[in-house]
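Chain order of the listed sequences is A and B. Residue numbers for the first sequence follow this note's numbering, beginning at 1 and rising by one. Residue numbers for the second sequence follow this note's numbering, beginning at 1001 and rising by one. Glycine included, C-beta positions come from ideal geometry on N, C-alpha and C. Notes follow once the structure below has been shown.
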Amino acid sequence: EAQVTQNPRYLITVTGKKLTVTCSQNMNHEYMSWYRQDPGLGLRQIYYSMNVEVTDKGDVPEGYKVSRKEKRNFPLILESPSPNQTSLYFCASSLSLQGGRELFFGEGSRLTVL
Amino acid sequence: SQQGEEDPQALSIQEGENATMNCSYKTSINNLQWYRQNSGRGLVHLILIRSNEREKHSGRLRVTLDTSKKSSSLLITASRAADTASYFCAPDAYQKVTFGTGTKLQVIP
Chain A
1 EAQVTQNPRY
11 LITVTGKKLT
21 VTCSQNMNHE
31 YMSWYRQDPG
41 LGLRQIYYSM
51 NVEVTDKGDV
61 PEGYKVSRKE
71 KRNFPLILES
81 PSPNQTSLYF
91 CASSLSLQGG
101 RELFFGEGSR
111 LTVL
Chain B
1001 SQQGEEDPQA
1011 LSIQEGENAT
1021 MNCSYKTSIN
1031 NLQWYRQNSG
1041 RGLVHLILIR
1051 SNEREKHSGR
1061 LRVTLDTSKK
1071 SSSLLITASR
1081 AADTASYFCA
1091 PDAYQKVTFG
1101 TGTKLQVIP
C-alpha cells in the first residue's frame, strides 16, 4: 500500500532532550516536506527536499534540522526541543512538484515538549 | 509565500445543502490544489486546477479559479455528514506548496 509513515505518532518529552521524528515513503517520490500545524496558524512548512541530498528551508525552520540521505526517508531532528515546538507535525511527499503532482501526507506526529 | 487564505473560517450547514468555500492568494501560480483534513489526521488531496483552467468537476466537487482576482472556490454539492472536515487550498508556484488556516465545515445530519 502506498503510504507515508511517521514515527512516533505521539511523544511527550522535556526541554532540551534531542529527538528525531522519522518519515518514510514507499512511492519513490522525489519531493518530501515537513509541516507543523498549530491552532489558528494553519499548516506551516518547516523544511522541504526536492531530491536526495537537496534540502531547503521552509517558512519556520528555526530549531529544526533535516537530512535526505536516501530517497525514501526524511527525518526531522529537534536538537534541543523547546515548549514552543509543541505541535502536530506532518510529513508529506510528492512524485514531483512540477506539473502539480499531489502531496501525500502521513498521519501526523503529536509532540509535546514540557 | 504563496499561502492561500480560506474563507469563511467556519461553516455549518444541514445535510443535503451545498457548501461553498473560498480561497485567495497573493501571487501568480501554476496550479491550485484543494485538500481535506479530518480532525487531527493527515491531509488528503481532493482536486487540482491548473492556471489555464476556469472550472473543474470531480463527483460532488466543483472548483473554480479566477487568476485575475487570484481566487478560487470549492463547492460541495448535496453535502453529507461525512463531509465534516477542514478544507485547505494550496496555491502552487514552484517548489513550495503552502497552506492557510482552512475552512472548518460542519455538516449537521
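- Secondary structure of Asn-7 (chain A) (DSSP, three-state): strand.
- Between Gly-1042 (chain B) and Gly-108 (chain A), the gap from beta carbon to beta carbon is short of 7 Å.
- According to DSSP, Gly-42 (chain A) shares a beta bridge with A:Asp-38.
- A direct Cα-to-Cα measurement between Met-32 (chain A) and Pro-61 (chain A) gives close to 15 Å.
- Secondary structure of Asp-59 (chain A) (DSSP, three-state): coil.
- Residue pairing by DSSP places Lys-1104 (chain B) opposite B:Ala-1010, B:Ser-1086 in a beta bridge.
- Residue range 1031-1037 is occupied by the beta strand (DSSP E) that includes Tyr-1035 (chain B).
- Residues of chain A with a Cβ closer than 9 Å to the Cβ of Asn-1052 (chain B) do not exist; the shortest Cβ-Cβ separation is about 12 Å.
- By the 16-neighbour rule on beta-carbons within 10 angstroms, Leu-41 (chain A) is exposed.
- Ser-1024 (chain B) places its beta carbon 7 Å or farther from that of Ser-1086 (chain B).
- One thing to note: Asn-51 (chain A) has its Cβ within 7 Å of the Cβ of Glu-30 (chain A).
- Closest in C-alpha terms to Gln-1014 (chain B), from the list B:Thr-1084, B:Lys-1069, B:Asp-1092, comes B:Thr-1084.
- In this chain, the beta strand (DSSP E) harbouring Ser-1073 (chain B) covers 1071-1076.
- Put simply, of B:Tyr-1035, B:Gln-1003, B:Gly-1102 the residue whose alpha carbon is nearest the alpha carbon of Ile-1049 (chain B) is B:Tyr-1035.
- Between the alpha carbons of Thr-1098 (chain B) and Tyr-35 (chain A) lies a distance of about 9 Å.
- Counting along the chain, Met-27 (chain A) sits inside no beta strand (DSSP E), nor does DSSP assign it H or E at all.
- Looking only at B:Gly-1016, B:Gln-1033, B:Ser-1039, B:Ser-1028, the smallest Cα-Cα distance to Glu-1006 (chain B) is reached by B:Gln-1033.
- Nearest C-alpha to Glu-79 (chain A) among A:Thr-13, A:Glu-1, A:Ala-2: A:Thr-13.
- Within chain A, no residue has its CB atom less than 7 Å from the CB of Arg-1062 (chain B), the nearest being about 18 Å off.
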